[in-house]
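Quick notes on the structure that follows.
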Amino acid sequence: MQAAAASAPLLHVRTVWKKFGDRVTAAGVDLQVGNGEFFTMLGPSGSGKSTVLRMISGLEQPDGGRILINGEDVTDLPPWRRGLGMVFQQYANFPHMTVAQNIGYGLRRSNLDRAALRERVSELLDLVSLPGFEDKPVTKLSGGEQQRVAIARALAPRPRLLLLDEPLSALDEKIRREMQVQLKDIQRATGTAFVYVTHDQEEALTMSDRVAVLNWGYLVQVDAPQALFRQPRTKFVAQFFRGSNVVEGRFIGSGTQTVFDCAAFRLDCGAVANPANPPAVAIRNEDIRINAHSVGNVAEGETAFDAVLERVVYRGIYTDFQFKLADGQIIVASATTNQDLASGARVRLAVKTDRIIPLHAEPS
């Protein structure tokens, strides 16, 4: 039994279901988190990510499935017996307490003497870049500083797992970006596994070791950030990350050789299991090369197709060029270099063939 527990993941959410009335918020979600991992659940509002986090914490009970921590079934345990820490969107600091008192509150069940408690608080203040803030009223701190106090309080008892429910969403963009880097540094320094919930794609990509994308209660894809960004499995994932085109067509053939066909181009895809309906491929905006001439050189390993420029949208460091394909579909190419093109121009677009990703059906 001990050997089995040692080899188990730190957290295993095992085929968990949850309904509120007629609405399913977790549809057989199954995921695992390893020791020391920064794991993010990403999705739009209503996708079920916060519900799954609350079931991990014990604040909600699943209708089916189990929650295991270090191989131990904790599904029926109350939150305070799970050895977890939690950080919320609202800081939940005690306004009548100082910074040190807030952080020390997380140690109230420990048997530390005063000297050891002061040492632990000082250690945590260094960790969250707030040295010397012990005696400051927590209400006098900025939003980012208050959130760091909340994180330090949650880490004080050395939880085996820290759960974070959109903790940065109340901060302005500049502070939020700074906190993303600091949070990752804190996680690495402590070695504590983080399970993080957000609807912000950039936040997930910036901090995570792996990301789980949820939609309408279904776990759609779990991958490392770069793989998720570059190789989306479904239309939902492709479109959820800004800057991705979805081109629809049809699949010809089956088995080991499938060809994607649309009015603009054909593409040999190899075997495609469980294809999207209607069949579709994803192409990142920045992967499309614009040739101002209708006939131009196509490099080896590229797929080329004709298009007509519809609109130009300037976005600062890059410009979006919106093109219409032969079948009326719109595709966007992003370029950082100036393109002297007028609306109605006929161009040749090219993209590396291995950057065109066949999409699979959505889970149901």
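Position one of the sequence shown corresponds to residue 1 (the UniProt record's numbering), numbered consecutively onward. Just so it is clear, CB atoms sit at the ideal spot from N, CA and C, and this is done for glycine as well. Since the model is a prediction, treat every value here as computed from it, not as a measurement.
Is it true that the stretch 130-150 meets the stretch 95-105, where meeting means three or more beta-carbon pairs spaced less than 8 Å apart? yes
For the stretch 267-279 against the stretch 345-362, do three or more pairs of beta-carbon atoms, one drawn from each stretch, fall closer than 8 Å, so that the two count as touching? yes
Using the three-state DSSP reduction, which class does residue 91 fall into: helix, strand or coil? By 1-based counting over the sequence shown, the position of residue 91 is 91. Here residue 91 sits in coil by DSSP.
What is the DSSP secondary structure of residue 51, reduced to helix, strand or coil? Along the sequence shown, read from residue 1 onward, the residue named residue 51 stands at position 51. Residue 51 falls in the helix class under three-state DSSP.
By the three-class DSSP mapping on this structure, what secondary structure does residue 169 have? Counting from one through the sequence shown, the residue named residue 169 turns up at place 169. Correct three-state label for residue 169: coil.
Under the rule that 16 or more other beta-carbon atoms within 10 Å means buried, what is residue 365, buried or exposed? Residue 365 falls outside the range modelled here, since the chain spans only 1 to 364, and no answer is possible.
First through last residue of the alpha helix (DSSP H) which encompasses residue 207: Taking the first residue of the sequence shown as 1, we reach residue 207 at position 207. That run of the alpha helix (DSSP H) goes 201-207.
So is residue 20 buried or exposed if we call it buried at 16+ other beta carbons inside 10 Å? Taking the first residue of the sequence shown as 1, we reach residue 20 at position 20. By the 10 Å Cβ count, residue 20 comes out exposed.
Between which two residues does the beta strand (DSSP E) holding residue 268 run? Position 268 of the sequence shown, counted from the first residue, corresponds to residue 268. Its beta strand (DSSP E) spans residues 266-270.
Compute the Euclidean distance between the alpha carbons of residue 115 and residue 121, then round it to the nearest angstrom. What you label residue 115 is simply residue 115 of the sequence shown in a count that begins at 1. What you label residue 121 is simply residue 121 of the sequence shown in a count that begins at 1. The alpha-carbon atoms of residue 115 and residue 121 are separated by roughly 10 Å.
Report the rounded CA-to-CA distance for residue 53 versus residue 195, giving the unit in angstroms. Walking along the sequence shown from the start, residue 53 turns up at place 53. Walking along the sequence shown from the start, residue 195 turns up at place 195. Cα to Cα, the separation comes out at about 8 Å.
What whole-angstrom Cβ distance do residue 71 and residue 8 have, given they're in contact under 8 Å? One-based indexing of the sequence shown puts residue 71 at position 71. One-based indexing of the sequence shown puts residue 8 at position 8. Indeed, because the Cβ distance is near 4 Å, the residues count as touching under 8 Å.
Identify whether residue 139 lies in helix, strand or coil by the three-state DSSP scheme. On the sequence shown, residue 139 is found 139 positions in, with the first residue counted as 1. Of the three classes helix, strand and coil, the one that applies to residue 139 here is helix, per DSSP.
Give me whichever residues DSSP pairs with residue 234 in a beta bridge. Indexing the sequence shown from 1 puts residue 234 at position 234. Answer is 360.
Check whether the stretch 329-344 touches the stretch 283-293, counting contact only when three or more Cβ pairs, one atom from each stretch, lie closer than 8 Å. yes
Looking at the structure shown, is residue 336 part of a helix, part of a strand, or coil, going by DSSP? Taking the first residue of the sequence shown as 1, we reach residue 336 at position 336. In the structure shown, residue 336 sits in coil (DSSP, three-state: anything other than H, G, I, E or B).
Just the C-alpha distance for residue 315 and residue 339, rounded to the nearest angstrom, thanks. Translated into the one-based positions of the sequence shown, residue 315 becomes position 315. Translated into the one-based positions of the sequence shown, residue 339 becomes position 339. Taking the straight line joining both Cα atoms gives about 14 Å.
For the stretch 66-129, which segments carrying the alpha helix (DSSP H) assignment without a break, of at least 4 residues, lie completely within its bounds, in sequence order? 99-105 and 114-127
Measure the C-alpha to C-alpha separation of residue 208 and residue 75 and round it to an integer number of angstroms. One-based indexing of the sequence shown puts residue 208 at position 208. One-based indexing of the sequence shown puts residue 75 at position 75. Rounded to the nearest angstrom, the two C-alpha atoms are 26 Å apart.
With distances taken from CA atoms, which of 210, 262 and 284 is nearest residue 241? Indexing the sequence shown from 1 puts residue 241 at position 241. Closest option to residue 241, Cα to Cα, is 284.
In three-state terms, what does DSSP make of residue 183? On the sequence shown, residue 183 is found 183 positions in, with the first residue counted as 1. Residue 183: helix per DSSP, three-state reduction.
Indicate the three-state DSSP secondary structure (helix, strand or coil) for residue 144 in the structure shown. As a position in the sequence shown, residue 144 is number 144, starting the count at 1. Helix.
When 264, 260 and 337 are compared against residue 349, the one with the closest alpha-carbon: Position 349 of the sequence shown holds residue 349. The candidate whose alpha carbon is nearest that of residue 349 is 264.
Whose C-beta lies closer than 7 Å to the C-beta of residue 352 among residues of the same chain, with five residues either side of it excluded? Mapped onto the sequence shown, residue 352 falls at position 352. Correct list, in chain order: 287, 301 and 302.
Leaving out five residues before and five after residue 62 in sequence, what residues of the same chain have Cβ atoms less than 8 Å from its Cβ? What you label residue 62 is simply residue 62 of the sequence shown in a count that begins at 1. Only 16, 17, 18, 26, 55 and 75 meet the Cβ criterion.
Burial state of residue 23, where buried means 16 or more other Cβ atoms lie within 10 Å: Sequence index remark: in the sequence shown, residue 23 carries index 23 (1-based). Exposed, since its Cβ has fewer than 16 Cβ neighbours within 10 Å.
Out of 64, 187 and 66, which one is the CA nearest neighbour of residue 124? As a working note, residue 124 is residue 124 in the sequence shown. For the residues 64, 187 and 66, the minimum Cα distance to residue 124 belongs to 187.
Over the uninterrupted beta strand (DSSP E) stretch that includes residue 318, give me the two end residues. On the sequence shown, residue 318 is found 318 positions in, with the first residue counted as 1. No beta strand (DSSP E) holds residue 318; DSSP gives it neither H nor E.
Check whether the Cβ atoms of residue 249 and residue 279 lie closer than 8 Å to each other. Here residue 249 corresponds to residue number 249 of the sequence shown, with the count starting at 1. Here residue 279 corresponds to residue number 279 of the sequence shown, with the count starting at 1. Their beta carbons are under 8 Å apart, which means residue 249 touches residue 279 by this criterion.
Which residue from 32, 158, 57 and 212 puts its Cα closest to that of residue 108? Position 108 of the sequence shown holds residue 108. That would be 158, whose Cα lies nearest to the Cα of residue 108.
Where do the N-terminal and C-terminal ends of the beta strand (DSSP E) with residue 133 fall, by residue? Residue numbering aside, residue 133 sits at position 133 when the sequence shown is read from its first letter. From DSSP, residue 133 is part of no beta strand (DSSP E); its letter is neither H nor E.
For residue 261, which residues does DSSP report across the bridge? In the sequence shown, counting from the first residue as 1, residue 261 sits at position 261. Residue 261 is bridged to 250 and 266.
If you run the structure through DSSP and keep just helix, strand and coil, what is residue 4? Residue 4 sits at position 4 when you count from the first residue of the sequence shown. Note on residue 4: pLDDT 40, under 50, position unreliable in the model; no value is reported.
Can you find at least 3 beta carbon pairs, one from the stretch 85-95 and one from the stretch 147-166, that sit closer than 8 Å? yes
Quickly, what does DSSP pair residue 290 with across the bridge? List them, please. Here residue 290 corresponds to residue number 290 of the sequence shown, with the count starting at 1. For residue 290, which the question treats as bridged, DSSP gives the partners 349.
Apart from the five residues just before and just after residue 40, which ones in its own chain have a Cβ nearer than 6 Å to its Cβ? Walking along the sequence shown from the start, residue 40 turns up at place 40. Excluding positions up to five away in sequence, the list reads 196, 204, 208 and 211.
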